[in-house]
Amino acid sequence: MVLKILYNVGPSVLPSKYYTHAVLALVTLVTIYTYAQGRKTNRERDLHGRTIIVTGAFTPIGLTLLDALARRGAHLIALSSEPIDTGSPAVLIPLLRSTTNNENIYAEHCDLASPTSIRAFCAGFLKGDENRLDAIIFAH
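When the sequence shown is numbered by the UniProt record's numbering, its final residue is 140 and no position is left out of the sequence of numbers.
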């Protein structure tokens with residue numbers, strides 16, 4: 001039914017001398033749209049040797065990020081406003097290390113509401129062995 005209507009109405013809307021122009025315009029639009037979408041890949045990026053700081057790491061979204069990044073081999077520093085020796089960091093960091101087979105997951109105390117705590121963390125980070133920082137993820 002629809003094809004019959006298009007067959008009858010089509011020549012009055014789009015004369016046959018413009019068919020090549022219409023097809024060329026359609027192909028051009030599809031090509032531009034496909035190019036604008038960017039390259040598609042199913043390969044996950046290898047993050048070995050990359051240092052990433054994750055704030056809010058012990059929130060549900062932060063734990064999901066930690067797990068995904070650790071599985072890709074990233075060197076992770078999870079910032080927590082809670083004390084590191086007690087609470088969720090003491091339980092979750094060893095659990096993440098064992099489930100992802102990545103020993104480069106560490107937790108550090110840094111209360112983002114306190115400028116002195118931020119300065120202390122930054123000074124300790126800069127004085128440490130690892131001075132490279134590839135990304136900071138704010139997962140609050």
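Every residue gets a Cβ at the ideal spot worked out from N, C-alpha and C, and that includes glycine. Quick caveat: nothing in here was measured; it's all calculated off a predicted structure.
For I77, the nearest candidate out of T55, V91 and I61 (CA to CA): T55
Beta-carbon gap between L96 and R72 smaller than 8 Å: no
For I61, the three-state DSSP class (helix, strand or coil): helix
Short Cβ contact (8 Å threshold) for H109 with I84: yes
I53 vs L24 beta-carbon contact at 8 Å: no
Beta-ladder partner(s) of F138, from DSSP: T55
Contacts around G124, its chain only, beta-carbon distance under 8 Å, and the 5 residues preceding and following it disregarded: E108
Beta-ladder partner(s) of Y19, from DSSP: Answer by DSSP bridge pairing: none, since Y19 is not bridged.
Test item: CB-CB of T59 and D134 under 8 Å: no
Assumed close pair I105, L66 - CB separation to whole angstroms, cut-off 8 Å: 7 Å
Top-ranked residue by Cα proximity to R132, from G49, L63, T100 and V91: G49
Contact set for A70: own chain, Cβ-Cβ below 7 Å, skip 5 residues either direction: L76, L96, T100, N102 and I105
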